Amino acid sequence: MGVLFAKLMTVFGDKEHKVIIVGLDNAGKTTILYQFLTKEAVHTTPTIGSNVEEISVKKTRFLVWDIGGQEALRASWSTYFCNTEIVILVVDSTDRDRLTLTKEELHTMLAHEDLQNASVLVLANKQDMKNSMTAAEISQSLTLSSLTAHSWHVQACCALTGEGLPASLDWMRSRVMAN
Ligand SMILES: Nc1nc2c(ncn2[C@@H]2O[C@H](COP(=O)(O)OP(=O)(O)OP(=O)(O)O)[C@@H](O)[C@H]2O)c(=O)[nH]1
Ligand SMILES: [Mg+2]
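Letter 154 of the sequence shown, counting from 1, is numbered 1425 in this note's numbering, and no numbers are missing.
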């Protein structure tokens, strides 16, 4: 009965689904959060702590936490994990030098027990920049295919124009509807 009720709540849009946006500093997390919300590119400064906004997609409500990615702040990411249904990992697709570090952060994070049931959306951001890596290259470097315990998806995007973000929201919605 409880499960059926929870399912109905999801279908009729009453339940709020927790999402966290993580990734290294300068990846474009805050720009993406506000592009989701306002469909515009906002001016950002490095996030100290977090921003949180509610985003609705066809009656599905997400509570989206954008967490600062600077090195000193990454240790606090785990304090946001509890009850998270979707992890959005934002990658600066021009930042080749730090892709290995991103990979380590991703796999360490997904080993945490609070994220065992979370789905993972990797956003290959800054596709407008020449020399950006493709979504397929990023997927391979992050060894996403080794993630057998988590549902995952990789999406190319540009947070400045919003390209790729509606498709991301559709995937997020389909994931929470499936659960
Ligand atoms: N060219 C380009 N620049 C982008 C894109 N997305 C974000 N930026 C720029 O990248 C810089 C960092 O963006 P933020 O959204 O503040 O990055 P962040 O991941 O929130 O960074 P922290 O809060 O420090 O963790 C800003 O100057 C953005 O305008 C994009 O798709 N293309
Ligand atoms: Mg930020």
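Yeah, the Cβ is synthetic: ideal placement off N, Cα and C, and Gly gets one too.
Model, not experiment: these values are computed from the prediction.
I'd like to confirm the pairing. Which residues does DSSP put opposite residue i in its beta bridges?
{"i": "Q1426", "result": "L1394"}
{"i": "I1326", "result": "F1333"}
{"i": "E1287", "result": "R1332"}
{"i": "I1338", "result": "S1321"}
Specify the secondary structure class of residue i as computed by DSSP and reduced to three states.
{"i": "T1419", "result": "coil"}
{"i": "D1296", "result": "coil"}
{"i": "L1431", "result": "coil"}
{"i": "S1364", "result": "coil"}
{"i": "T1355", "result": "strand"}
{"i": "S1321", "result": "strand"}
{"i": "H1383", "result": "coil"}
Is residue i near ligand 1, with its Cβ less than 7 Å from a heavy atom?
{"i": "T1309", "result": "no"}
{"i": "P1437", "result": "no"}
{"i": "T1405", "result": "no"}
{"i": "L1431", "result": "yes"}
Is residue i a contact residue of ligand 2, with contact defined as CB to any heavy atom under 7 Å?
{"i": "T1373", "result": "no"}
{"i": "K1337", "result": "According to the sequence provided, residue 1337 is Asp. The question's Lys does not apply to it. Correct: D1337 has its Cβ closer than 7 Å to ligand 2."}
{"i": "K1397", "result": "no"}
{"i": "T1300", "result": "Looking at the sequence shown, residue 1300 is not Thr but Lys. K1300: yes, Cβ under 7 Å from ligand 2."}
{"i": "T1331", "result": "no"}
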